[in-house]
Amino acid sequence: MRKPSTVLMRLFAVVALIVVLFLAPSRAMAFTEEFDVNGLKVILKRNPGNEVVAASLYIRGGVLNLTPATAGIEPLLFDVAVKGTKNYPKEVINAELSRMGTQINGNASKDYSSVNLRCIKPNFDKSWDIFADVLLNPTLDPKEVDLSRSQILTGLRQRRDNPDSYLRDMGDSLFYEGHPYALDPSGTEESVSKISIDQMRQYLKGNLVTSKLVLVVVGDVEEADLQKKVTASFGDLPVGGYTPQFPAKVEHANAGLHTVAQQLPTNYIIGYFSAPSIRDADYYPMSMATSILQQRVWEEVRTKRNLSYAPAAFFQGSLANCANLYVTAVQPDTTIKVMFAEVKRLQTQPISAKELRDKITVFLTSYYLQNETNAAQAAFLARYELAGLGWQASEMFVQNMKKVTSEDVKRVAQQYIKNIQFAVIGDPMKIDQKLFTSM
Amino acid sequence: MTKFMRWFLVVAALWCFSTVVFAQKYNIYRTELKNGLDVIVVENPIVPLATVEINVHNGSFTEPPEYNGLSHLYEHMFFKANEEIPNQERFLERGRELGMSWNGTTSEERVNYFFTFGKDSLRQGLEFMNAAIRTPLFKEEELVRERPVVTGEYDRAESNPFYLLQVAVNKKLWYKYYSRKNVLGERTTILTADHDKMKTIENRYYIPNNSALLVSGDVKHEQVSKLAEEILGSWPWGEDPFVKYPPPDHPPLQQSEVVVVEKPVGAVTLDIAMHGPSVRKDPKATYAADVLSYILGQHNSKFYKNLVDSGLLTYVNLSYYTLDKTGPITIFAQTTAEKYGTAVKAIFDEIKKFTDPDYFTDDQLESAKNQLEINEVYSQERPSAYVHTVGFWWAVAGLDYYLNYVDNLRKVNRDEINYYVQKYIQNAPYVMGVLISPKDRQKVSIKEGVVQ
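Put into structure tokens, the structure is as follows:
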């Protein structure tokens with residue numbers, strides 16, 4: 010006869026196995042928690058797997074917080090803020106960050122801006138202290154502002170040096186014309202050269218209100234410890250009365266083309282078309298459709314016809330979303346015809362069950378690849394939270410992709426891939442305008 | 040003892056004798072198969088993926104002019120027909136069936152190929168890699184079709200002014216054996232490449248004792264070693280290519296030179312390059328090189344303050360690229376046409392001070408070491424990318440160099456830094472490339488050619 014304890018242990022093991030198997034898909038959720046500090050939403054994903062701690066404080070609103078005159082204020086402000094604070098003068102902050110290998114930097118996108126911290130766990134206390142001081146008490150020394158400004162202006166002047174970055178700027182301008190997202194968060198030479206220290210202080214005062222902020226931390230951090238830190242650093246910030254705003258969709262009634270003549274060995278081509286945002290149920294099928302299009306243009310343009318090294322279809326992720334066709338080609342007309350034929354095929358012929366199944370498997374791999382680092386996991390959680398869906402929605406990514414059907418893919422391809430806005434850098438004589446504006 | 044147990048012990052014994060565990064650090068496990076294939080496993084279960092990568096000790100350093108670019112073309116041909124996969128279309132389809140994210144890269148001293156997929160597909164992924172690495176067919180029609188794809192890569196590179204600057208500098212810096220540093224190679228070589236040349240590369244370099252299998256992710260090293268032996272253990276050993284075809288050493292620069300590249304760019308860019316140490320000949324200098332680069336990169340360093348905080352440059356970085364056949368030291372800087380002359384003088388004035396006893400503090404020296412060590416922690420976060428790093432070090436310097444890297448950095452002292460600076464920077468000729476717009480060129484005086 011078995012001992013009761015052995016039976017119990019086996020029973021426990023079986024139950025544990027069942028629990029693990031059934032709860033495995035939501036493993037990440039089990040480690041993620043949220044709490045509130047004076048209106049500031051804090052999301053903590055406890056990850057005891059490594060030594061790195063990633064923290065990002067997000068300011069909602071993105072370019073909706075900007076005007077043409079203040080575009081570029083965030084990159085300038087964040088750059089200067091790391092060059093000296095009330096409690097950490099320049100020499101001290103430089104020495105401390107170097108000593109600890111801690112990274113603090115700012116990011117400004119069309120959807121949101123953020124200040125990001127990456128450090129190792131033994132340095133988290135000191136790194137947090139500096140991170141908070143950068144946000145709350147930047148010195149904004151005029152000399153440092155001028156220095157940062159000149160560095161940023163040099164970068165802006167170089168945006169046309171590389172055809173790819175120039176092409177993206179052209180495409181953005183064409184696609185978002187008349188939309189709030191026409192503003193570039195990096196700013197322009199004109200705006201950045203005039204932004205004042207007062208404007209930077211006003212930006213901080215107006216945006217550092219807890220109703221507008223989201224803090225995401227991923228790492229081996231205890232909730233009580235983080236709560237204490239957040240309360241001490243941000244507990245006294247005003248709550249404000251921010252209500253999340255989301256940009257309108259971009260819709261074009263006609264196709265468009267903007268060509269810039271430049272003597273290059275090849276032609277750089279990008280096409281923009283509207284795409285559903287993460288807030289839209291079509292986000293997942295359109296994400297799948299674009300990925301299938303990517304695979305097909307690669308095979309047709311590169312593998313079978315050898316017309317280009319770099320044909321692609323991209324699905325962007327902004328809240329006024331778009332997707333792209335992209336290629337560099339010495340025979341642009343021939344190449345675009347092949348790409349359009351692939352779009353037509355996607356719009357008219359259902360994809361096979363096998364192709365769909367394989368693609369979902371590929372998505373699963375890329376989902377995990379995007380979540381390898383703590384910083385990437387923080388960004389993934391934040392993306393859903395900032396879109397107004399709650400970070401918990403991020404846990405449904407895989408399930409949502411698995412629900413996509415062949416019919417969905419065909420439908421969204423028809424619905425969204427139209428009125429493409431093309432930007433081209435290269436030889437205008439090689440561009441058939443009628444062809445490029447035919448879809 | 041049951042029959043099963045006896046069988047188990049025999050299999051276990053065979054397996055133990057076929058591989059030997061040589062190293063284990065940072066969750067990195069290395070074994071060597073009997074055929075000479077290094078098997079390196081990086082265990083990191085952060086996500087349920089596995090990355091399988093093959094590194095081959097190949098690249099432009101093995102290429103005389105008539106082969107220049109063919110390591111790279113070979114890399115493209117890897118993803119095409121082999122004895123188990125009839126063509127590239129089927130190759131891509133099989134990749135999708137496994138949920139694969141894949142790619143390959145070619146550099147001076149290594150070529151790597153990598154697949155990432157769900158951890159449960161490890162065996163299938165290894166089998167897929169095995170067929171591709173051991174049995175490529177180099178079908179003539181696929182080779183012909185790939186040529187314009189590769190030249191399309193040239194077109195893109197040559198559309199980038201910074202690439203043109205790098206080419207201009209490298210042609211002067213590696214004046215005798217430029218092909219050995221020209222990874223993309225020559226168009227004419229690509230356009231005339233044939234099956235026989237591909238086979239020559241395969242037979243010469245694609246042998247297990249010139250390769251390493253790396254597997255990272257949610258895997259166990261015992262499981263990987265076993266599968267590696269089963270799947271790749273029969274890959275036949277080959278003659279060491281570096282005995283029969285040793286790549287030449289790059290002769291020292293004889294003189295300093297300035298080259299100018301004019302393109303419509305928005306800033307004046309300086310690329311000042313010198314011959315640095317070869318890692319297998321002077322490893323100590325490579326540790327000193329990395330530490331010095333991190334000292335100078337600190338915003339409190341005299342180098343940064345005098346050049347960037349002063350407003351002379353908007354950006355400056357000194358780096359050393361570790362290689363076996365002379366790694367380059369590069370000072371990359373940006374300024375304006377108005378400040379060009381003063382900025383160039385200031386850079387060379389700073390170089391003269393590198394060996395001054397008070398040029399950097401003890402704290403800055405320690406901070407540089409901390410940063411390098413912590414960067415290692417950051418890079419280990421992404422198992423799918425970290426495996427490329429480990430593979431790079433295996434190819435260029437040997438895995439032991441990497442496993443002892445942080446310990447050796449910690450030992451670097453001022454004398455070693457001074458030795459490195461004096462030998463490779465202060466007393467060495469250089470090539471200075473200047474990328475400037477035609478409009479700005481009118482405003483400044485730049486003497487092209489040999490520096491007197």
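In the order they appear, the protein sequences are chains A and B. When you read off a place in the first sequence, starting at 1, and then add 9, the result is the number in the working numbering. When you read off a place in the second sequence, starting at 1, and then add 39, the result is the number in the working numbering. Cβ atoms here follow ideal geometry from the backbone N, Cα and C, with glycine treated the same way.
By a C-beta neighbour count over all protein chains shown, 10 Å radius and 16 as the cutoff for buried, is residue i buried or exposed?
i	result
residue 183 of chain B	exposed
residue 408 of chain B	buried
residue 284 of chain B	exposed
residue 74 of chain A	buried
residue 298 of chain B	buried
residue 367 of chain B	buried
residue 116 of chain B	buried
residue 210 of chain A	exposed
residue 155 of chain B	buried
residue 111 of chain B	buried
residue 421 of chain B	buried
residue 329 of chain B	buried
residue 162 of chain B	exposed
residue 272 of chain A	exposed
residue 366 of chain A	exposed
residue 114 of chain B	buried
Could you tell me the alpha carbon to alpha carbon distance between residue i and residue j, rounded to whole angstroms?
i	j	result
residue 232 of chain A	residue 141 of chain A	18 angstroms
residue 300 of chain B	residue 294 of chain A	47 angstroms
residue 431 of chain B	residue 245 of chain B	16 angstroms
residue 349 of chain B	residue 199 of chain A	24 angstroms
residue 36 of chain A	residue 45 of chain A	Because residue 36 of chain A sits at a pLDDT of 40, beneath the cut-off of 50, its placement in the model cannot be relied upon, and the following sentence gives the value as read from the coordinates. Cα to Cα, the separation comes out at about 23 angstroms.
residue 159 of chain B	residue 150 of chain B	26 angstroms
residue 57 of chain B	residue 269 of chain B	Residue confidence is low: residue 57 of chain B scores 41 on pLDDT, short of 50, so the model does not pin down where it sits. Its coordinate-derived value is still stated next. One C-alpha to the other measures close to 10 angstroms.
residue 90 of chain A	residue 93 of chain B	44 angstroms
residue 213 of chain A	residue 199 of chain B	38 angstroms
residue 443 of chain A	residue 265 of chain A	10 angstroms
residue 348 of chain A	residue 306 of chain A	6 angstroms
residue 220 of chain A	residue 84 of chain A	22 angstroms
residue 454 of chain B	residue 398 of chain B	13 angstroms
residue 446 of chain A	residue 267 of chain A	10 angstroms
residue 331 of chain A	residue 321 of chain A	14 angstroms
residue 166 of chain A	residue 202 of chain A	12 angstroms
Could you list which residues in chain A have their beta carbon closer than 9 angstroms to that of residue i, in chain order?
i	result
residue 409 of chain B	107, 108, 109, 110
residue 350 of chain B	155, 156, 159
Return the chain-ordered list of same chain residues with a C-beta closer than 6 angstroms to the C-beta of residue i, the five sequence neighbours on each side being excluded.
i	result
residue 353 of chain B	373
residue 186 of chain B	229, 230
residue 74 of chain B	247, 274, 276
residue 65 of chain A	123, 125, 225, 387
residue 242 of chain A	141
residue 288 of chain A	396
List the residues of chain B whose Cβ lies closer than 7 angstroms to the Cβ of residue i, in chain order.
i	result
residue 317 of chain A	191
residue 58 of chain A	85
Check the Cβ of residue i against every Cβ in chain A and list those closer than 7 angstroms, keeping chain order.
i	result
residue 138 of chain B	370, 371, 373, 374
residue 184 of chain B	315
Taking Cβ-Cβ distances shorter than 8 angstroms, what residues in chain B pair up with residue i?
i	result
residue 378 of chain A	86, 88, 140, 155, 423
residue 61 of chain A	416, 417, 420
residue 383 of chain A	420
residue 311 of chain A	188
Using a Cβ-Cβ cut-off of 7 angstroms (strictly less than) and excluding sequence neighbours within five positions of residue i, which residues of its own chain qualify?
i	result
residue 128 of chain B	none
residue 263 of chain B	78, 80, 254
residue 119 of chain A	71, 72, 190, 194, 327
Chain C beta carbons: is any one of them nearer than 8 angstroms to that of residue i?
i	result
residue 413 of chain B	Protein chains A and B are contained in the structure displayed, whereas chain C is not.
Please go through the same chain and pick out, in chain order, the residues whose beta-carbon is closer than 8 angstroms to the beta-carbon of residue i, but skip the five residues on each side of it.
i	result
residue 362 of chain A	415
Contacting positions in the region 144-176 of chain A - beta carbon closer than 7 angstroms to chain B
156, 159, 160, 163, 166, 167, 169, 170, 171, 172
Please identify, using Cβ separations under 8 angstroms, the residues of the region 273-304 of chain A that lie next to chain B, in order along the chain.
273, 274, 275, 277, 304
Name, going along the chain, the residues of the region 325-339 of chain B whose beta-carbon falls closer than 7 angstroms to a beta-carbon of chain A.
337, 338, 339
With 9 angstroms as the limit, tell me which residues of the region 335-350 of chain A have their beta carbon closer than that to any beta carbon of chain B; keep them in chain order.
Flagged, chain order: 337, 338, 339.
Residues, ordered as in the chain, of the region 358-373 of chain B that lie near chain A by beta-carbon distance below 7 angstroms:
373
So if I threshold CB-CB distances at 9 angstroms, which residues from the region 120-136 of chain A count as touching chain B?
Within the region 120-136 of chain A, 127, 128, 129, 132 place their CB atoms closer than 9 angstroms to a CB of chain B, listed in sequence order.
Taking Cβ-Cβ distances below 8 angstroms as the criterion, which residues of the region 374-403 of chain B are in contact with chain A?
375, 402, 403
Below 7 angstroms between beta carbons is the criterion; list the residues of the region 85-104 of chain A that meet it against any residue of chain B, in chain order.
100, 103, 104
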